[in-house]
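Chemist:
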Amino acid sequence: MEVDKCSLDGSSAFLIKKQWNKEEALRLPARTLAYIGDAVYELSLRLNHVEIGIDNAGRLHDSLVDLVSSPAQAKVFEVVFADLPEEEKELVKNWRNSKIPARYGSGTRGEYAKATALEAWVGFLFITGQDERVVSIVETALKLRNQKGKDL
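Under numbering that gives the first Met the number 0, the first residue of the sequence shown carries the number 0, and numbering increases by one thereafter.
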């Protein structure tokens, strides 16, 4: 897969030259999509924070750690999931119900499952070229955090 660098325009810092079609993307395991989605989600949040003037690495980390935790992503999942069409809800439910490793990060098992589903969804949207929807999810996370203060 080739990538092109582009300017920071508030969405992503790179574009995929090859967009995957839906069928290709759906053949990937949930955890692979989540692995991609995790990177895209965090990079999008980092770029947003740099754009608003947080350019110190330590401050960036401190500012983002609460946005990328399993509990925070689970809350974003609940908001995003509620607005999905039925066909997409089925996909995301399958990813949410995929096998969870014996050891997982912060939060409960349920929060981890929802966070993984959100990351898989972001990964799916990204590799299928649906960048606007990725941006919408990131904006949802930022809005939720602004409504609830630092602890999303």
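C-beta atoms are modelled at their ideal positions from N, C-alpha and C, and glycine is treated no differently. All of these numbers come straight from a predicted model, not from anything done at the bench.
If you reduce the DSSP assignment to three classes, tell me which class W19 lands in.
Modeler: In this structure, W19 counts as coil in the three-state DSSP scheme.
Chemist: Indicate whether the contact test is met: 3 or more Cβ pairs, each with one atom in the region 38-47 and one in the region 79-94, closer than 8 angstroms.
Modeler: Because the criterion of three Cβ pairs below 8 angstroms is not met, the region 38-47 and the region 79-94 do not touch.
Chemist: If we ignore side chains and look at the alpha-carbon of each, how far apart do D65 and N20 end up?
Modeler: Each residue's alpha carbon lies about 33 angstroms from the other.
Chemist: Within 10 angstroms of the Cβ of L25, are there 16 or more other Cβ atoms? Answer buried if so, exposed if not.
Modeler: L25 comes out exposed.
Chemist: L117 by DSSP, collapsed to three states: which one?
Modeler: Helix at L117.
Chemist: Measuring alpha carbon to alpha carbon, tell me which of V91, S69, W94 ends up nearest T107.
Modeler: T107 has its Cα closest to that of S69, out of V91, S69, W94.
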